[in-house]
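Just so you know, the sequences run in chain order E and F.
Position 30 (the first sequence) corresponds to 30 in full-length UniProt numbering; numbering is contiguous.
Position 127 (the second sequence) corresponds to 127 in full-length UniProt numbering; numbering is contiguous.
2 protein chains.
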Amino acid sequence: MSSQNPGFFTMDRTIGLLGGGQLGQMLCEAANPLGVKIVVLDAENSPAKQVNAKNAHIDGSFIDAEKIRELARQVDILTVEIEHVDTYVLEEIAEKGVEVTDKDGSKRIKRVEVQPSWRTIRTIQDKYLQKDHLVRSGVHTAISRAVETGELAQFGRELGYPFMLKARKDAYDGRGNYPVKSPADIEDALKALKGRDLYAEKWANFRMEIAVMVVKTEDAASDIGKGTIAYPAVETVHEDSVCKLVYVPARTVSDKVQQEAQDLARKAVGSLWGKGVFGVELFLMDDGRLIVNEIAPRPHNSGHYTIEACPTFSQYKSQLLSILGIMPSFPNSVIPTMSSATIMLNILGGQSKTSHNEIVKRATSIPMAALHMYGKEPKPGRKIGHITIVAPSMPYAEALMAPLIKLSDAMRAERK
Amino acid sequence: MSSQNPGFFTMDRTIGLLGGGQLGQMLCEAANPLGVKIVVLDAENSPAKQVNAKNAHIDGSFIDAEKIRELARQVDILTVEIEHVDTYVLEEIAEKGVEVTDKDGSKRIKRVEVQPSWRTIRTIQDKYLQKDHLVRSGVHTAISRAVETGELAQFGRELGYPFMLKARKDAYDGRGNYPVKSPADIEDALKALKGRDLYAEKWANFRMEIAVMVVKTEDAASDIGKGTIAYPAVETVHEDSVCKLVYVPARTVSDKVQQEAQDLARKAVGSLWGKGVFGVELFLMDDGRLIVNEIAPRPHNSGHYTIEACPTFSQYKSQLLSILGIMPSFPNSVIPTMSSATIMLNILGGQSKTSHNEIVKRATSIPMAALHMYGKEPKPGRKIGHITIVAPSMPYAEALMAPLIKLSDAMRAERK
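Shown next as structure tokens:
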């Protein structure tokens, strides 16, 4: 590592990536021109591997401890594109290193960094621990309580209906969430989430979902958001519990709220350990308060727009440079966009394998639109790509996006 | 092909690329997110292959006729990232197709498009034929004459000294050019270019080198530049006969000259055959006239800047969509930049394999800079990467670029 060996050029350090989906793919797309080497651990031919033939990758699962150790032996830093990984192996590797065999057959222990820290990933992957950590760090978030089967009615009585029953782990895109509207729903909720550790969360009456990508540049945790840099606060629109649209900057939001959202997101990420890029989802509540909904310790769907809107510093480049320890500083700790208005639309697989051809064709016909297809097999509802439109004003961007949203809605109708 | 089979989705057509250097690499980087498949013919592990593991590529030379036929069998459209290819094989393939063997052992002829046309590539790769074609098309260019050994003194007497003696073919980055300052130089010039077909060119007293990337969207040639779209006219600065810097837009150039440069470049490209992106090099003469110096029938070093400055429509995306026949139209036939000012600096290999580490480190420390390393072995003077800076104004961009130019100059001094 550079601190131990000043002759070792920072950008020659190899990164090991757990997971090779679209986030890993776009991370590789950012790494290639920087000359940063990435070794990917995921299934054969996963999206990230399709765009990186610079070295051999590892075929296997990013939750397989032995595969993770195999990856660690080949790299200098481990990072993730998904938080559902084995943090106990990551802890072992970060604390004790990994045993490697040299050419002469002798064995030695090699040090490998884990970024962000396994502690951060472990805290975040359990959504209740995450919320508990945020509360302890003085970050506003929804009131949550770890619950056993018998405690739900009590929670409802105290904090009111509706409330959310959520699986603590392995939950994403709304899977693992169950809205409990009245005491009568409790039984169904418990059945739907059977066998999982659960927590209950007070219902959030929000008027807008906001997201902020934050880069953490220092290893230590801080209670004031030190060592963090934010991208602008964006507006996210979900449909069927999946991110559909991202508007940059968030529409109809005052400069004050824009700044508060960045500050809160930086404070939340600053409270965690290790370096990297984080996606912070927030709610702008009906009463005007901002609370953190949840944090992803990795590049995030709400940050795809940065590829075109911040063409010299996407969230993927920030992830690479921050974990390499060479993230530059930005005036006011903000990474600005170059475009005045940006909108991102996810492309979900349609009913047939060619349902998305229409939207792809349309996207390529718009000068201000960038298309990103992930090379994934199109399955109904699966995220298979996205479109980013950059324009001189939000109404202009909205007008260009309108026909694409229409095509997306038609695909959704066909899927049902 | 789509016109013959309406059920065949345009973007499913596979492109075969002759050459896999950095231009091919950036073409693949543009193709990957579009879901456009490219099969590359070049040496093993060439830059383009490093970023495209979506399919098997072909190892071999892009001047090997049999390898080109092998490539043609696998694709729907052939294109080039270098003009020094065998145009007779391309003509054969474009005119007669290529024989393929089906699974059942039966043979059939498959049609394959060649874009741009072999006729364009053949005309351009012989610099004298290129100049002759431009003159016949009414495009201003330097007065040139194909010359035999004994005719040089005559050319000097008629058109004056100094003049340039140039090899007609396989010339690039100043190699193949010899300035003849007086009759006494003729012998040395002929010795330096011995064994090559030659032409002489009247000396051009220019005050600035300008380049315009032009996209040709129709197959037919036109004498008024119909079916062409231009990027802005940029200023190029050469050193040791290699492009060093590109300023976007060209500095200290009036709107009138900016427009004339685009118009002349579009007229020049419009006179050629087939579709694709073209780099047009022009001279802004001391007397204020513009003349075309030469044309490249492919993406060009002077268009690298488009990756960041035109983040939804780089020259590489334009190459792909134009040869696929789905290039959209742009208002006023201009592809605008999103940044106010852009500067590109080439990184040439230094004296040692690590000489460029300093400039790489510095480039990653600048928020408004994008780094592109090509994954090529660093050899002294070899183009191994480039840096693009986007900024709100040209003085701002120049201030950010200044320390990088200093490092580049230091590498050059070390090389000598």
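Yeah, the Cβ is synthetic: ideal placement off N, Cα and C, and Gly gets one too.
Check: Please classify residue 108/E as buried or exposed, where buried requires at least 16 other C-beta atoms within 10 Å of its C-beta.; Outcome: exposed
Check: I want to see whether chain E comes within less than 8 Å of residue 349/F, judged by CB atoms only; does it?; Outcome: no
Check: Leaving out the 5 sequence neighbours to the left and right, which residues in its chain are closer than 8 Å to residue 407/F when beta-carbon positions are compared?; Outcome: 358, 359, 362
Check: Taking the alpha carbon of residue 336/E as the reference point, which residue from 314/F, 201/F, 69/F, 390/F has its own alpha carbon closest?; Outcome: 390/F
Check: What does residue 338/F touch in chain E if you count any residue whose Cβ is under 8 Å from its own?; Outcome: 311, 338, 339, 390
Check: Determine contact between the segment 301-308 of chain F and the segment 49-66 of chain F, defined as no fewer than three beta-carbon pairs at a distance below 8 Å.; Outcome: no
Check: Alpha carbons only, please: which of 123/F, 229/F, 227/F, 81/F is nearest the one belonging to residue 91/F?; Outcome: 123/F
Check: May I ask you to check if the CB of residue 133/F is nearer than 7 Å to at least one heavy atom of the ligand FAD?; Outcome: The model depicted lacks the ligand FAD and carries no ligand whatsoever.
Check: For residue 365/E, return the contacting residues in chain F, with the cut-off set at a CB-CB distance below 8 Å.; Outcome: 326, 328
Check: What are the boundary residues of the alpha helix (DSSP H) that residue 255/F is part of?; Outcome: 255-270
Check: Compare the C-beta of residue 125/E with all C-beta atoms of chain F and state if any pair is closer than 8 Å.; Outcome: no
Check: Taking 6 Å as the limit between beta carbons, can you name the residues of its chain near residue 94/F, skipping five residues before and five after?; Outcome: 114, 118
Check: I'd like to know if the segment 366-382 of chain E and the segment 276-284 of chain E are in contact, where contact means that at least 3 CB-CB pairs between them fall below 8 Å.; Outcome: no
Check: Quick one: using the 10 Å Cβ neighbour count with 16 as the cut-off for buried, is residue 224/F buried or exposed?; Outcome: exposed
Check: What residues of chain F sit near residue 9/E, judged by a beta carbon separation below 9 Å?; Outcome: 354, 357, 360, 361
Check: Could you check whether the segment 319-332 of chain E touches the segment 164-180 of chain E, counting it as contact only if at least three pairs of C-beta atoms, one from each stretch, sit closer than 8 Å?; Outcome: no
Check: What are the boundary residues of the beta strand (DSSP E) that residue 178/E is part of?; Outcome: 177-180
Check: Just to make sure I have the definition right: I need the residues of chain F whose C-beta is within less than 8 Å of the C-beta of residue 208/E. Which are they?; Outcome: Within chain F, no residue comes near residue 208/E; the closest Cβ sits about 27 Å away, beyond 8 Å.
Check: Nearest chain E C-beta to residue 51/F closer than 8 Å, yes or no?; Outcome: yes
Check: Residues in the same chain with beta-carbon distance under 6 Å from residue 192/F, minus the five sequence neighbours each way, listed in chain order, please.; Outcome: 178
Check: Residue 88/E: which of 14/E, 292/E, 371/E, 120/E sits nearest, CA to CA?; Outcome: 120/E
Check: Any idea if residue 413/F is buried or exposed, counting beta-carbon neighbours within 10 angstroms, 16 or more meaning buried?; Outcome: exposed
Check: Is there a Cβ of chain E sitting closer than 8 Å to that of residue 5/F, yes or no?; Outcome: Residue confidence for residue 5/F is low, a pLDDT of 43 falling below 50, so the modelled location carries little weight; the figure read from the coordinates is stated next. Not an interface residue.
Check: Indicate whether residue 74/F and residue 53/E have their beta-carbon atoms separated by less than 8 Å.; Outcome: no
Check: What first and last residue would you give for the beta strand (DSSP E) that runs through residue 369/E?; Outcome: 369-373
Check: So that I know if they touch, is there some Cβ in chain F lying closer than 8 Å to that of residue 33/E?; Outcome: yes
Check: Rounded to the nearest angstrom, how far is the Cβ of residue 401/F from that of residue 343/F, given a contact under 8 Å?; Outcome: 5 Å
Check: Cβ closer than 7 Å: which chain F residues qualify as neighbours of residue 54/E?; Outcome: 50, 375
Check: Cα separation between residue 207/E and residue 295/E?; Outcome: 19 Å
Check: Using only the alpha-carbon positions, how far apart do residue 247/E and residue 341/E sit?; Outcome: 8 Å
Check: For residue 65/F, go through chain E and note every residue whose CB falls closer than 8 Å to its CB, in chain order.; Outcome: Within chain E, no residue comes near residue 65/F; the closest Cβ sits about 27 Å away, beyond 8 Å.
Check: Suppose the cutoff is 6 Å on Cβ atoms and the five residues either side in sequence are ignored; what does the same chain contact list for residue 396/F look like?; Outcome: none
Check: Using a 10 Å radius around the Cβ and a threshold of 16 neighbouring Cβ atoms, would you call residue 270/E buried or exposed?; Outcome: buried
Check: Can you tell me where the alpha helix (DSSP H) holding residue 79/F begins and where it ends?; Outcome: Premise fails: residue 79/F lies in the beta strand (DSSP E), 77-80, not in any alpha helix (DSSP H).
Check: Using alpha carbons as the reference points, say which of 154/E, 31/E, 176/E, 13/E lies closest to residue 112/E.; Outcome: 13/E
Check: Should the segment 308-323 of chain F be regarded as contacting the segment 22-34 of chain F, the criterion being three or more beta carbon pairs within less than 8 Å?; Outcome: yes
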